[in-house]
Amino acid sequence: MEKPNVSLNSLPPALKPKGSKTNSFFKRLVQQRTLAWMCIPFVVWAFIFKYLPLWGWTMAFQNFKPARSFSDQQWVGWHHFRILFEDNTFYRVLRNTLVMSSIKLVLGFVTAITLALLLNELKNVIFKRFVQTVSYLPHFISWVVASSIVLTVLSPDGIINLLLMKLHLIDSPVLWMGKGEYFWGILGATEVWKDVGWNTIIYLAAITAIDPAQYEAAEIDGASRFKRMLYITLPGLKPVIVILLIMNMGSILESGFEPQYLLGNGMNMDYSENLDIFVLKYGLGMGNFSLGTAAGIFKTVVSFIFLFSANYIAKKMGESRLF
Amino acid sequence: MLKSKFKTAGLAVLLTALLAGCSQNNSSSAPTSDDENSPVTFSYYMFSSGKKDTLASETTIGKALQEQTGVDWKLEYLVGDSATKAGVMIASGDYPDVISSSGEMSKLLDAGAYIPLDDLIEEYGPNIKRVYGPYFDKMRNAEDGKIYALPYTANQGEYSGSPNIGGGAFWIQRSVLKEFNYPQITTLDEYFDLIEKYKEKHPTVDGAETIGFVSLAGVANNFFTLQNPAMHLAGYPNDGSVMVDMNTHEAKVVAGTDAQKKWIQKLNEINAKGMLDPESFTMNKDQYLAKLTSGRVLGYFNYGWQIGDASKNLLSAGIDEKRYAALPIVFDEGIKDQYIDPPGFVNNYATGITVNAKDPVRIIKYFDNLLKEENQILVQWGIKDETYSVDEKGRFYFANEDQRKAHDDLELSRKFGFTYFGSDWPRYGGESTLSDGNAYSPGNQPEVASASYTEGDKKFLEAYNIQTFSELFNKPEERPWFPAWSIALEQGSPEQIFTTKSDDLQRKYLPEMILGTPSNFDKLWDAYMAELNKLDKAGYEKNITQVVQDRVAGKW
Chain A
368 MEKPNVSLNS LPPALKPKGS KTNSFFKRLV QQRTLAWMCI PFVVWAFIFK
418 YLPLWGWTMA FQNFKPARSF SDQQWVGWHH FRILFEDNTF YRVLRNTLVM
468 SSIKLVLGFV TAITLALLLN ELKNVIFKRF VQTVSYLPHF ISWVVASSIV
518 LTVLSPDGII NLLLMKLHLI DSPVLWMGKG EYFWGILGAT EVWKDVGWNT
568 IIYLAAITAI DPAQYEAAEI DGASRFKRML YITLPGLKPV IVILLIMNMG
618 SILESGFEPQ YLLGNGMNMD YSENLDIFVL KYGLGMGNFS LGTAAGIFKT
668 VVSFIFLFSA NYIAKKMGES RLF
Chain B
60 MLKSKFKTAG LAVLLTALLA GCSQNNSSSA PTSDDENSPV TFSYYMFSSG
110 KKDTLASETT IGKALQEQTG VDWKLEYLVG DSATKAGVMI ASGDYPDVIS
160 SSGEMSKLLD AGAYIPLDDL IEEYGPNIKR VYGPYFDKMR NAEDGKIYAL
210 PYTANQGEYS GSPNIGGGAF WIQRSVLKEF NYPQITTLDE YFDLIEKYKE
260 KHPTVDGAET IGFVSLAGVA NNFFTLQNPA MHLAGYPNDG SVMVDMNTHE
310 AKVVAGTDAQ KKWIQKLNEI NAKGMLDPES FTMNKDQYLA KLTSGRVLGY
360 FNYGWQIGDA SKNLLSAGID EKRYAALPIV FDEGIKDQYI DPPGFVNNYA
410 TGITVNAKDP VRIIKYFDNL LKEENQILVQ WGIKDETYSV DEKGRFYFAN
460 EDQRKAHDDL ELSRKFGFTY FGSDWPRYGG ESTLSDGNAY SPGNQPEVAS
510 ASYTEGDKKF LEAYNIQTFS ELFNKPEERP WFPAWSIALE QGSPEQIFTT
560 KSDDLQRKYL PEMILGTPSN FDKLWDAYMA ELNKLDKAGY EKNITQVVQD
610 RVAGKW
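So the sequence lines, in the order shown, correspond to chains A and B. Just so you know, we're using the numbering used here here: the first sequence kicks off at 368 and counts up by one. Just so you know, we're using the numbering used here here: the second sequence kicks off at 60 and counts up by one.
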């Protein structure tokens with residue numbers, strides 16, 4: 368399919384700045400000084416809240432004791448990283464983190480895009496609104512309440528067990544929260560229930576930007592509804608999907624904290640404990656802030672690698688990309 | 060030109076404002092003290108959960124104390140996991156004026172969250188000295204010999220034990236005992252046999268299946284509810300994760316002992332009979348308490364203070380048979396039960412003033428005022444002729460139902476403030492006696508206890524031929540180190556790592572062993588032991604033994 372390739376970078380030659388690079392940069396700066404001034408508070412904000420805290424990373428190389436001055440801290444080098452990588456628990460929680468965030472990523476994308484496509488096909492506006500509202504309402508429930516709902520629904524005398532018993536699919540109630548192997552599935556389902564509607568919004572917005580003429584043309588050419596979805600809506604969504612995917616790759620080690628913490632218990636610990644909980648237990652919980660920071664650094668580095676590789680791949684494949 | 064200067068100036072102001080916002084507010088709050096009682100509100104954080112946040116002045120007691128001192132309090136209670144909250148609090152340095160530490164003392168001390176109180180007490184604390192004076196040596200910080208916090212267990216006067224059971228016990232629904240004509244049961248086998256027989260006779264309660272036994276092992280920081288029975292059954296009091304030998308004063312970790320094996324195996328056995336609620340390992344505390352009040356549960360192990368709200372609700376519901384009786388169950392006949400805590404001193408469940416406190420002098424004065432005997436009576440008994448009465452001999456008692464209700468009814472006691480001021484403040488120890496001979500805690504006053512007994516209570520006591528519930532239990536033996544759970548472990552030390560790791564291990568394995576098929580039990584137990592033996596148990600035991608022996612020698 369041919370598409371006009373207009374981007375901001377390809378300005379007509381007349382507008383292209385002349386002269387040496389730095390010179391033109393300052394010229395531009397002067398030209399757009401009002402804009403530049405407007406940016407400064409936010410640059411300052413970003414510097415203070417996003418870059419200055421990086422100073423705290425020094426903690427990972429110390430035996431950090433709170434409330435002591437920097438010069439009083441004891442330096443231990445890579446000690447805490449070594450502890451981290453020598454701990455069996457660490458690999459278990461790393462596995463759990465990766466699996467859970469992959470589930471969240473894949474399931475989140477698939478369900479949200481599917482729902483957006485289906486909603487888009489709905490012609491009855493009232494019903495469409497109703498579905499949308501119902502599906503994004505759970506997003507506003509806090510995880511504490513949501514997890515209580517999940518625990519109640521899945522308890523031995525909860526509705527799920529009752530239903531399965533009535534349908535004679537099981538003989539005795541299943542202890543859903545007590546089987547580690549079920550945890551990932553339960554978590555995935557919970558996340559979808561909670562966030563599918565919310566995630567759909569951005570795709571629905573993107574769909575409205577697709578030129579209706581394309582649909583009309585396709586219809587005249589005899590494309591069925593399904594074909595139109597496949598060949599117009601989906602390709603139209605592609606740039607949004609790729610950008611979101613890249614951004615989410617950056618947080619591949621952020622599998623969430625609250626649901627795992629609130630739904631986790633001793634019996635499913637092997638599957639529910641993720642990096643954040645590990646940091647909480649062995650770092651914050653034991654006052655060992657250095658270990659927590661070391662794990663945090665590890666997380667950032669991994670996220671960085673994922674983000675850049677995803678971006679690089681997108682670039683190589685000629686897709687839209689983040690930077 | 061002028062314009063650009065203006066802009067630069069504006070930017071500078073903005074920058075400083077932003078930077079100032081981040082820099083810590085370290086305008087050192089030198090202890091200022093205005094003698095007048097100008098109104099002021101301090102913040103007070105409690106590392107204990109289950110209470111609603113409130114303003115002290117919204118309760119009758121808080122109001123009365125505010126009139127005396129001008130001080131009001133914003134009371135905040137823990138929600139969620141205490142270790143986490145403490146870590147976050149320390150990491151941010153965002154302390155309230157006063158913190159009641161519960162289990163988080165060593166962490167807060169390590170972080171230097173508290174200010175030393177010695178000078179303040181010397182200058183403004185005559186009542187503090189009177190109450191805590193005899194215990195000062197046990198309160199001092201091991202490192203610098205200073206006092207940082209005021210504990211809640213400084214007993215005064217003669218020891219007055221509780222007629223009711225507020226500590227650990229095996230609880231059983233009274234209807235079970237009634238059904239079989241109040242039998243004497245002492246061993247674990249007898250206890251479960253009785254429950255089994257009752258469950259066979261009454262398989263459902265109000266349409267729902269009867270639950271034989273339930274535990275609160277799904278909540279991470281309440282997991283001890285499943286761990287502790289092993290040592291109680293073996294005849295030890297609650298020393299935390301260890302059992303201490305009476306003669307050698309050697310501490311032994313409960314995890315992996317024969318006692319634990321016996322206890323867990325028994326649970327495995329009753330689970331196979333369908334008597335154990337499998338939800339014991341997954342439900343949260345709200346669900347647990349709801350279950351206890353539903354009347355479906357026949358038995359459970361717990362500490363009275365963990366289930367306070369549930370038992371009060373059951374009491375106010377008025378159906379006596381659905382209430383629970385505490386029994387001193389042991390493994391075998393011949394083991395002397397030690398459920399009732401021996402008199403001890405807990406020095407790390409305490410309250411202290413933080414480095415962020417705006418006006419430590421006003422706070423210490425408030426504490427000192429609170430420790431006056433008349434105010435101690437106020438926080439426990441309330442107001443004379445309103446929430447308690449005094450007879451001609453000077454004995455305190457409840458003259459009518461309304462007075463008793465003011466203490467027992469959840470909502471009323473919240474409104475009056477007993478709920479808020481009864482614990483977590485500098486106070487006399489719970490087993491104290493007032494200077495006029497009355498018990499400090501209304502619950503320990505024999506007149507109150509016997510008068511508050513319901514018809515069902517009386518029937519129960521009569522059936523066992525006793526005057527008070529605690530008479531079913533053995534008297535505690537003297538243990539000068541008690542309780543070992545108050546031994547503070549250094550942050551991030553090998554001992555602490557052992558505790559965390561072994562708890563994790565137990566959280567995983569114990570439910571698995573209990574819910575598995577009995578034939579699989581030994582295999583799982585061996586796997587569990589193999590993992591447990593990888594941890595530095597010996598080092599931990601050595602360390603605790605050392606502290607116990609120090610305490611016995613008088614070195615706290």
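We put the beta carbon where it would ideally sit given N, CA and C, even for glycine.
Here's the rule: buried if 16 or more other CB atoms are within 10 angstroms of the residue's CB, otherwise exposed. What is residue i?
i: residue 327 of chain B; result: buried
i: residue 204 of chain B; result: exposed
i: residue 230 of chain B; result: buried
i: residue 422 of chain A; result: exposed
i: residue 528 of chain A; result: buried
i: residue 466 of chain B; result: buried
i: residue 558 of chain A; result: buried
i: residue 597 of chain A; result: exposed
i: residue 409 of chain A; result: exposed
i: residue 605 of chain B; result: exposed
i: residue 400 of chain B; result: buried
i: residue 593 of chain A; result: exposed
Using beta carbons (cut-off 7 Å, strictly below), is residue i in contact with chain B?
i: residue 522 of chain A; result: yes
i: residue 532 of chain A; result: no
i: residue 651 of chain A; result: yes
i: residue 655 of chain A; result: yes
i: residue 632 of chain A; result: yes
i: residue 545 of chain A; result: yes
i: residue 597 of chain A; result: no
i: residue 626 of chain A; result: no
i: residue 636 of chain A; result: yes
Is the separation between the beta-carbon of residue i and that of residue j shorter than 7 Å?
i: residue 599 of chain A; j: residue 576 of chain A; result: no
i: residue 222 of chain B; j: residue 527 of chain B; result: yes
i: residue 277 of chain B; j: residue 632 of chain A; result: yes
i: residue 186 of chain B; j: residue 431 of chain B; result: yes
i: residue 224 of chain B; j: residue 363 of chain B; result: yes
i: residue 545 of chain A; j: residue 340 of chain B; result: yes
i: residue 196 of chain B; j: residue 543 of chain B; result: no
i: residue 413 of chain B; j: residue 191 of chain B; result: no
i: residue 476 of chain B; j: residue 100 of chain B; result: no
Have a look at residue i and residue j and give me their C-alpha separation to the nearest angstrom.
i: residue 503 of chain B; j: residue 178 of chain B; result: 35 Å
i: residue 452 of chain A; j: residue 561 of chain B; result: 20 Å
i: residue 595 of chain B; j: residue 556 of chain B; result: 9 Å
i: residue 388 of chain A; j: residue 472 of chain A; result: 42 Å
i: residue 525 of chain B; j: residue 125 of chain B; result: 44 Å
i: residue 438 of chain A; j: residue 415 of chain A; result: 22 Å
i: residue 671 of chain A; j: residue 616 of chain A; result: 9 Å
i: residue 81 of chain B; j: residue 531 of chain A; result: Residue placement at residue 81 of chain B is poorly supported in this model, since its pLDDT is 44, which falls under 50; the coordinates are not used for a value here.
i: residue 495 of chain B; j: residue 129 of chain B; result: 29 Å
i: residue 324 of chain B; j: residue 510 of chain A; result: 36 Å
Shorter than 7 Å from the beta carbon of residue i to some beta carbon of chain A?
i: residue 199 of chain B; result: no
i: residue 566 of chain B; result: yes
i: residue 166 of chain B; result: yes
i: residue 557 of chain B; result: no
i: residue 341 of chain B; result: yes
i: residue 146 of chain B; result: yes
i: residue 669 of chain B; result: In the structure as shown, chain B starts at 60 and stops at 615, and residue 669 of chain B therefore has no counterpart that could be examined.
i: residue 338 of chain B; result: yes
i: residue 570 of chain B; result: yes
i: residue 349 of chain B; result: no
Based on Cα-Cα distance, which residue from the options lies nearest to residue i?
i: residue 220 of chain B; options: B:339, B:403, B:262, B:495; result: B:403
i: residue 551 of chain A; options: A:677, A:630, A:491; result: A:630
i: residue 600 of chain B; options: B:175, B:324, B:312; result: B:312
i: residue 285 of chain B; options: B:322, B:342, B:304, B:266; result: B:322
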